[in-house]
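K.L.:
Per numbering that gives the first Met the number 0, the sequence shown runs over residues 0 to 157.
What follows is a single structure, and I will ask about it in a moment.
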Amino acid sequence: MSELKPAARRVQAAADALGLEIEVLEMTRSTRTAEEAAAACGCDVAQIVKSLVFKGSDTDTPYLLLVSGANRVDEKAIAADIGEKLDRPDAQLVRDVTGFAIGGIPPFGHAERLETYIDEALLAHAKVWAAAGTPNALFSVSPEALAEATGAEVIAVT
Ligand code: 5CA
């Protein structure tokens, strides 16, 4: 625990503050992409939580989408759920609103509170794995507990 990098420690502290019982683990190999994360934790890529930031094209509101590693977001299909069209922000905006760099964006503990949606496909698994601040830190959690802790609305993303 005390050996966690500062960004990973921030995620553990945020989980603790939310009352979410998880343990951040630092892997010896890269977990930068969903495929690498699945290989590192020995799970299916569908069990990896991608924490993706989008930006509303009308309001510039940043939205966080927690998406199964097996799915690609259909931006047109989800616009109806969210209420506006979505753009993909650049890496700097993602860093500004989350406080973390791409490849390690966690699902909570961000620089600002983000309106959050979770892919219904993640709820099909007993356990999912999400990034924890760095490109080799992860934690496992039940998707229901993750949805509750993040206040996420369940949507279909594809
Ligand atoms: N640690 C892994 C598994 S949890 C991880 O963070 N995967 S991820 O999919 O959530 O993060 C990578 C995502 O960041 C990519 O799917 C892509 O949507 C986004 N991304 C990658 N490069 C950029 C970029 N230059 N600008 C904006 N978004 C980017």
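Ideal Cβ placement from N, Cα and C applies to all residues, glycine included.
Values in this document were obtained by computation on a predicted structure and should not be read as measured data.
When we look at the beta-carbon of D73 and count the other beta-carbons within 10 Å, is it buried (16 or more) or exposed?
P.N.:
Residue 73 sits at position 74 when you count from the first residue of the sequence shown. Flag for D73 reads exposed.
K.L.:
Excluding the five sequence neighbours on either side, which residues of its own chain have a C-beta within less than 7 Å of the C-beta of A148, listed in chain order?
P.N.:
For the purposes of this step, residue 148 is taken as the residue at position 149 of the sequence shown. The residues are L17, L19, F107.
K.L.:
C42: which of V23, L65, A69 sits nearest, CA to CA?
P.N.:
Against the sequence shown, residue 42 aligns to sequence position 43. Here the closest residue by C-alpha is A69.
K.L.:
Taking only runs that begin and end inside the stretch 60-112, name each unbroken beta strand (DSSP E) of 3 or more residues, in chain order.
P.N.:
61-67
K.L.:
Strictly by DSSP, which residues pair up with T115?
P.N.:
In the sequence shown, the residue the question calls residue 115 occupies position 116. Note: T115 sits in a beta bridge opposite L63.
K.L.:
Just to confirm my understanding: we take V66, look at its own chain, exclude 5 residues before and 5 after, and list those with CB closer than 7 Å. What are they?
P.N.:
Counted from its first residue, the sequence shown places residue 66 at position 67. Excluding residues within five positions, the ones whose Cβ falls inside 7 Å are K49, L51, V72, D118, V156.
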